[in-house]
Amino acid sequence: MSRIDLRDDRVVVIIGSGAGGGTLANELCQRGVRCVVLEAGPRLSFADFEQDEFAMARKLVPADGPEVTSRAPLNQSRPYVCRAVGGTTIHWSGIALRLQESELRARTTYGPIAGANLIDWPVSSSELAPYYERAEDKLGVTGTHGIPLLPANNNFKVFYNGAKQLGYRRVTTGRLAINSRPRDGRPGCLQLGFCLQGCKIGAKWSTLYTEIVKAEATGRLDLRPRCTALQIQHDKRGRVSGVLYADAAGRLEVQKAHVVCVAANAVESSRLLLNSASSRYPDGMANSSGQVGRNYMTHSHSFVMARMPKPVHAWRGTIQAGLLEDERRHDEARGFASGYLLQTIAFGLPFTVLAMKPGAWGKELADFMRSYPRLAGLVILGEDLPQAGNRVTLSKQGKDRFGMPVASIYREHHPNDRALLQHAIQRATELYKGVGAEEVHVQDAAGSTHNMGTNRMSASPRDGVVNSWGQTHDITNLFVADGSQFSSSGAANPTLTIVALAVRQAQYIARQLGARAL
Amino acid sequence: MKTLHVGRREFLASARNALIAATLARYAIAQPAVETSRREDLRVVSSDEARVLLRVSRRVMPLDGLSNAAYWTIVHALDTSAAGQPDVRRTLVDGASSLRRHLGEGWPSMSDEELDTYLASPRAAPLLDAVRSVGVPVFVGLPEVWAAVGYDGESLSKGGYLHRGFNDLTWLPEPSSDAAGPVP
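These protein sequences, in sequence, are chains A and B. In this text, residue positions in the first sequence follow numbering that gives the first Met the number 0: the first is 0, and each later residue adds one. In this text, residue positions in the second sequence follow numbering that gives the first Met the number 0: the first is 0, and each later residue adds one.
What follows is the structure, given as structure tokens:
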């Protein structure tokens, strides 16, 4: 841990410490680059993690999040993102999948789709492959690098047997950044459950106790928790020169910077760029394309839970160790573009009831609660198409405690998303009915943790905000290192790609610094 | 506690707008700290109103075998909510008096079915919404409710489920060895 002077303008300032920011910081520090990480949330320890869904939501998810509007009530729920050192890697379930070439080539694969603002990623799967490889090694992903898969838990047994009787072939406990045996100084999974509340033993990868700690060990990281970035500043030439932030005591400070990387999760990253408008950049920073904040994607999600004839006790053990990949393909015969994954899921009783039976009371509520030990469950994760109108803007009324406008999100489903979900719900229902389900409950998921697309990568500066390195098209020393870079969402949980892109970006920044090109 | 307070108000606002769902986070924020409930601790709800709310809470969350204490916890959560928010207080006061007016003073001896029919009627909707939106998030977090349902709660103190049944389901065939790894 080092202290870096506020006036030191030779450092890289990274805003956010999650999958993107935390990884980028470590990768830069390892390459000899000094970094300041501004993290709005506190630094928690294992002792702060509670196996209590409500308590951890209160600790991790800020109550003063963005405003959300939509014609569809469910779309009005707020993103479920964490404000703490480690960011949403404290909460994530550990599913670590690569994007496929067909998904990276979304516009080419799917062709033109009315209402969708599709582009191809300006980077190919073969270019990403070595970085995915590195990311999988770093995270210790099961099924890669000789790491065994996690064992089958009860929820998976139901899922697996249901999938097999439908003829599905690609059904496993999945690729997870959860140790199936001790690795990298972290223990193997004890099947605790409560993966989403922060893994009490650190078997699940989080930047909080991996990347951040390793970066600090280099002596090149100055991590500043409870420091909220308010505005990115620039010099007369238009280059980024520092970041205005509020420290833990609410004092305003400016950290000078040679390079700034924004990794505050997609909604907050776009908000920060928009809040950094100036006379030189009247529409916000890096926004000559008008694409900052647009193309907001979250994945198409529904929960499907089935009451089985006998006990399942699905909450006992790793909560998402089950993956079906057969439907992750583009097949026009199904009536929609792109594809989806089915992933097992189990919450504790509180979140199960609130997620699956909002508004229930009386007998319906009681019957559902009594059935809880017999529930098997999965979540559908489908590609969500980019739409220019699904966007983050600045609220006209809402301000945070520092007086900065909060983000305002507008979001609607594309008809393709609905068609995809309809297909997936049908298949998931058949999956459970085929192994004896007595009743199947379906509920659209609220509160996305996958936030993507709002500062997207594009080959042409007209179509997006950053190039394939995450470097903004407009300002050479300003980068984006979170899910907001995604050109399309694919049908894969975003974390592994965020990590791979951060490794790649760190290599690029270090090389450019070495060549005095930044 | 300020954030909890705001969260609950937001939740009620969304319930009034007939939104079907709110985020898990919003629910979580809506969940107040639960303490042992005693009738004399009520801040703004009268004892007559508390009797109505206790019975209504039982009908909204009718899990067999629970003590009155569980439902007093709900009444206290409603009381706390009402103390902080005049509109919630009005809903509860109006809802309790409307119930007594329509069902008569003999309402305590009415059957559960009669009470359920009343609660399902449009005139009971604001009361039902308030009890449900404040009460259910509290109810599902009560250890007594977990015990009644068979939910274990935290697992760390018992060493997790690796040796305590995470894979004890035997009524379906075991997955093949290429689908899952070995038990360590």
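Ideal Cβ positions, reconstructed from N, Cα and C, are used throughout, including at glycine. Quick caveat, the model's predicted, so the values are computed rather than measured.
Is residue i near residue j, with beta carbons less than 8 Å apart?
| i | j | result |
| --- | --- | --- |
| Ala265 of chain A | Asp473 of chain A | no |
| Gln442 of chain A | Phe302 of chain A | yes |
| Ile13 of chain A | Cys28 of chain A | no |
| Phe478 of chain A | Asn415 of chain A | no |
| Asn152 of chain A | Ala387 of chain A | no |
| Ala490 of chain A | Leu341 of chain A | no |
| Glu66 of chain A | Ser457 of chain A | no |
| Leu175 of chain A | Val140 of chain A | yes |
| Ile200 of chain A | Leu207 of chain A | no |
| Gly283 of chain A | Leu273 of chain A | yes |
| Arg58 of chain B | Asp115 of chain B | yes |
| Glu26 of chain A | Val465 of chain A | no |
| Leu430 of chain A | Leu165 of chain A | yes |
| Ala216 of chain A | Gly20 of chain A | no |
| Lys137 of chain A | Ile177 of chain A | no |
| Pro236 of chain B | Gly158 of chain B | The requested residue 236 of chain B is not part of the displayed model; chain B covers only 0 to 183. |
| Phe138 of chain B | Arg315 of chain A | no |
| Pro172 of chain B | Asn160 of chain A | yes |
| Asp399 of chain A | Asp63 of chain A | yes |
| Leu98 of chain B | Tyr117 of chain B | yes |
| Lys362 of chain A | Pro61 of chain B | yes |
Assuming residue i and residue j are in contact, meaning their beta carbons sit under 8 Å apart, how far apart are those beta carbons, in whole angstroms?
| i | j | result |
| --- | --- | --- |
| Ile3 of chain A | Asp221 of chain A | 4 Å |
| His449 of chain A | Thr297 of chain A | 5 Å |
| Leu149 of chain A | Ala179 of chain B | 7 Å |
| Pro310 of chain A | Gly435 of chain A | Their Cβ separation, rounded to whole angstroms, is 13 Å, which puts Pro310 of chain A and Gly435 of chain A out of contact at 8 Å. |
| Gly452 of chain A | Ser483 of chain A | 7 Å |
| His422 of chain A | Met355 of chain A | Between Met355 of chain A and His422 of chain A the Cβ distance is about 21 Å, and since that is not below 8 Å, they are no contact. |
| Phe155 of chain A | Ala320 of chain A | 6 Å |
| Pro306 of chain A | Glu438 of chain A | The sequence given here has Arg at residue 306 of chain A, not Pro. Their Cβ separation, rounded to whole angstroms, is 4 Å, which keeps Arg306 of chain A and Glu438 of chain A in contact under 8 Å. |
| Thr90 of chain B | Ala129 of chain B | 5 Å |
| Thr88 of chain A | Gly17 of chain A | 5 Å |
| Phe525 of chain A | Gly83 of chain B | Residue 525 of chain A lies beyond the stretch modelled for chain A, which goes from 0 to 517, so this question has no answer here. |
| Ala445 of chain A | Ser76 of chain A | 4 Å |
| Asn492 of chain A | Val258 of chain A | Going by Cβ atoms, the distance from Asn492 of chain A to Val258 of chain A rounds to 28 Å, so no, they are not a contact pair. |
| Leu323 of chain A | Val170 of chain A | 5 Å |
| Ala375 of chain A | Ala313 of chain A | 6 Å |
| His101 of chain B | Arg122 of chain B | 7 Å |
Report the partner residues of residue i according to the DSSP bridge assignment.
| i | result |
| --- | --- |
| Gly241 of chain A | A:Gln232, A:Lys255 |
| Ile94 of chain A | A:Leu175 |
| Gln29 of chain A | BP columns for Gln29 of chain A are empty, so no partner. |
| Leu260 of chain A | Note on residue identity: the sequence assigns Cys, not Leu, to residue 260 of chain A. In DSSP, Cys260 of chain A forms a bridge with A:Ile13, A:Phe478. |
| Val303 of chain A | A:Leu377, A:Val441 |
| Gln396 of chain A | In the DSSP output, where bridge partners are listed per residue, Gln396 of chain A has none listed. |
| Asp221 of chain A | A:Val35 |
| Leu5 of chain A | BP columns for Leu5 of chain A are empty, so no partner. |
| Thr343 of chain A | A:Leu377 |
| Tyr371 of chain A | According to DSSP, which records beta bridges pairwise, Tyr371 of chain A is partnered with nothing at all. |
| Val67 of chain A | A:Ile408 |
| Met451 of chain A | A:Met296 |
| Arg182 of chain A | A:Arg185 |
Nearest CA to the CA of residue i: which residue from the options?
| i | options | result |
| --- | --- | --- |
| Tyr507 of chain A | A:Ala458, A:Cys260, A:Trp91 | A:Cys260 |
| Asp462 of chain A | A:Ile118, A:Val253, A:Gly114, A:Gly17 | A:Ile118 |
| Ser69 of chain A | A:Lys398, A:Arg390, A:Leu495, A:Ala458 | A:Arg390 |
| Arg42 of chain A | A:Ser205, A:Leu322, A:Leu251 | A:Ser205 |
| Val60 of chain A | A:Ala228, A:Tyr79, A:Val32, A:Phe346 | A:Tyr79 |
| Gly64 of chain B | B:Thr72, B:Gly83, B:Glu143 | B:Glu143 |
| Leu384 of chain A | A:Val10, A:Tyr109, A:Met284 | A:Tyr109 |
| Asp295 of chain A | A:Ser268, A:Ser16, A:Arg306, A:Ala313 | Before going on, a small fix: residue 295 of chain A reads as Tyr here, not Asp. Checking every option, the nearest Cα to that of Tyr295 of chain A belongs to A:Ser268. |
| Ile344 of chain A | A:Leu380, A:Ala359, A:Glu363 | A:Leu380 |
| Glu153 of chain B | A:Leu195, A:Gly93, A:Lys255 | A:Leu195 |
| Thr143 of chain A | A:Leu495, A:Gln504, A:Leu512, A:Gln396 | A:Leu495 |
| Arg329 of chain A | A:Arg455, A:Leu374, A:Ser101 | Rather than Arg, the amino acid found at residue 329 of chain A in this sequence is His. Closest by alpha carbon: A:Ser101. |
| Pro183 of chain B | A:Phe158, A:Pro357, A:Ile146, A:Lys432 | A:Ile146 |
| Thr317 of chain A | A:Thr172, A:Val352, A:Glu324 | A:Thr172 |
| Gln99 of chain A | A:Gln504, A:Ala514, A:Ser487, A:Ala509 | A:Ser487 |
| Glu132 of chain A | A:Arg510, A:Ala499, A:Gly513 | A:Ala499 |
| Val51 of chain B | B:Ser80, B:Ala69, B:Ser66, B:Glu104 | B:Glu104 |
| Met109 of chain B | B:Ser45, B:Arg54, B:Leu62, B:Ala81 | B:Arg54 |
So does the stretch 364-383 of chain A actually touch the stretch 120-128 of chain A, counting three or more Cβ pairs closer than 8 Å?
-> no
State whether the stretch 214-229 of chain A contacts the stretch 239-250 of chain A, with contact taken as three or more CB pairs (one from each stretch) at a distance under 8 Å.
-> yes
The stretch 125-142 of chain B touching the stretch 74-81 of chain B, judged by at least three CB pairs closer than 8 Å = yes
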